[in-house]
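S.K.: Residue 1 is where the sequence shown starts when you use the UniProt record's numbering, and the numbers rise one by one after that.
Submitted below is the structure of interest, expressed as structure tokens.
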Amino acid sequence: MQSHARGHLVYAAGGVLAVHTERGTSIVPANRVAWTPAGFTHYHRAHGDTDMRIVFLPPSLARLVPDHPAVFLASGLAREVLLALTGPRNYDDAAPGYSRSARSRLLRVLVDELREAHEQPLHLPEPRDDRLRAIARMLHESPGDNSSLAELGTTIGASTRTLSRLFRDELGMTFYEWRTQLRVYHALVLLADGHDTTQTAYACGWANPSGFIAAFTGIIGTTPGRYRTGRQTPARAPGLPSHE
1 MQSHARGHLV YAAGGVLAVH TERGTSIVPA NRVAWTPAGF THYHRAHGDT
51 DMRIVFLPPS LARLVPDHPA VFLASGLARE VLLALTGPRN YDDAAPGYSR
101 SARSRLLRVL VDELREAHEQ PLHLPEPRDD RLRAIARMLH ESPGDNSSLA
151 ELGTTIGAST RTLSRLFRDE LGMTFYEWRT QLRVYHALVL LADGHDTTQT
201 AYACGWANPS GFIAAFTGII GTTPGRYRTG RQTPARAPGL PSHE
């Protein structure tokens, strides 16, 4: 666990990252950028063969992006700027790096690109209520568990109505929305570890691969097959299922 005086961007040039803060977990698939504001206690976890790049923002630019953890899709220009800012020119002492003014210009271009991008629905909020935390533990351990909210409530001693209210008030989403995001997070980890679409679908609780593909595409913006093979440029806006 660590925190920084400056906010920072973490870019997954390959693989899958998870950024954990007190607010929850940001899932960062390849070609996404996670923003963690200054002062947030956090840690990173990599899944699979991951290429992680980190860029810190000065306060003058950090104020232009959200004051909460967020994930953005990296545009082609943002990707090139991130790679340039974290490439050998800046990490290798023997190579001439960018001047301070050039680096400042590149950072401004990067922030401008992020301001034009939509936040991705890839932040899984962390419950605070003990009853929700108990459900979260169970489903993190067994993401394929298809128990209804009523069945889970019986296990922990809480009514469906109470749990539904807590999910809405604390996390800003329904139980089923939250569980779908949790399952997609686990799916990204399995895909990064080399599992195929069908194996991943069943392991994460979908009754068939087509349902998994639709849910995955709705959140990630590309199909599991394209994601797994590295063809990750979204062909459509997130939220529209694909038949691929």
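Ideal Cβ placement from N, Cα and C applies to all residues, glycine included.
None of these values were measured; they are calculated from a predicted model.
Which same chain residues end up closer than 8 Å to Leu132 when comparing Cβ atoms and leaving out the 5 residues on each side of it in sequence?
M.R.: Leu163, Leu166, Phe167, Glu170 and Leu171, listed in sequence order.
S.K.: By DSSP's criteria, Trp35 is part of a beta bridge. Which residues make up the other side?
M.R.: Per DSSP, Leu9 and Ala70.
S.K.: Consult DSSP for Asp49 and reduce its assignment to one of helix, strand or coil.
M.R.: Of the three classes helix, strand and coil, the one that applies to Asp49 here is strand, per DSSP.
S.K.: Helix, strand or coil for Gln2? Go by DSSP, reduced to three states.
M.R.: In the structure shown, Gln2 sits in a strand (DSSP, three-state: E or B).
S.K.: When the distance is taken between beta carbons, is Pro127 closer than 9 Å to Ala203?
M.R.: Cβ atoms of Ala203 and Pro127: not closer than 9 Å.
S.K.: State the Cα-Cα distance for the pair Gly48 and Leu190, rounded to the nearest angstrom.
M.R.: Answer to the nearest angstrom: the Cα atoms are 9 Å apart.
S.K.: So, are the CB atoms of His8 and Phe72 less than 9 Å apart?
M.R.: Cβ atoms of His8 and Phe72: not closer than 9 Å.
S.K.: CB Tyr185 to CB Thr86, shorter than 9 Å?
M.R.: Cβ atoms of Tyr185 and Thr86: not closer than 9 Å.
S.K.: Distance check for Ala187 and Pro224, CA to CA, integer angstroms please.
M.R.: Distance between the alpha carbons of Pro224 and Ala187: 9 Å.
S.K.: Please state if the CB of Ala78 and the CB of Leu114 are separated by a distance shorter than 9 Å.
M.R.: Yes, the Cβ-Cβ distance between Leu114 and Ala78 is below 9 Å.
S.K.: Would you mind reading off the limits of the alpha helix (DSSP H) that contains Thr198?
M.R.: Segment Thr197 to Ala203, the alpha helix (DSSP H) holding Thr198.
S.K.: Within this structure, are the beta carbons of Leu106 and Val81 separated by less than 9 Å?
M.R.: A contact, by the Cβ cut-off of 9 Å.
S.K.: Just how far apart, CA to CA, sit Ser101 and His118?
M.R.: Their Cα atoms are separated by approximately 28 Å.
S.K.: Report the partner residues of Ile27 according to the DSSP bridge assignment.
M.R.: Bridge partners of Ile27: Ala18.
S.K.: On the criterion of 16 or more Cβ atoms from any shown chain inside 10 Å, does Tyr176 qualify as buried, or is it exposed?
M.R.: Exposed: under 16 other Cβ atoms inside 10 Å.
S.K.: In the DSSP assignment, find the unbroken alpha helix (DSSP H) run with His118 in it and report its ends.
M.R.: Careful: His118 lies outside any alpha helix (DSSP H) and carries neither H nor E.
S.K.: Which word fits Pro59, buried or exposed, when buried means at least 16 other C-beta atoms lie within 10 angstroms of its C-beta?
M.R.: Counting Cβ neighbours within 10 Å, Pro59 comes out exposed, since fewer than 16 surround it.
S.K.: Return helix, strand or coil for Pro125, following the three-state DSSP convention.
M.R.: Of the three classes helix, strand and coil, the one that applies to Pro125 here is strand, per DSSP.
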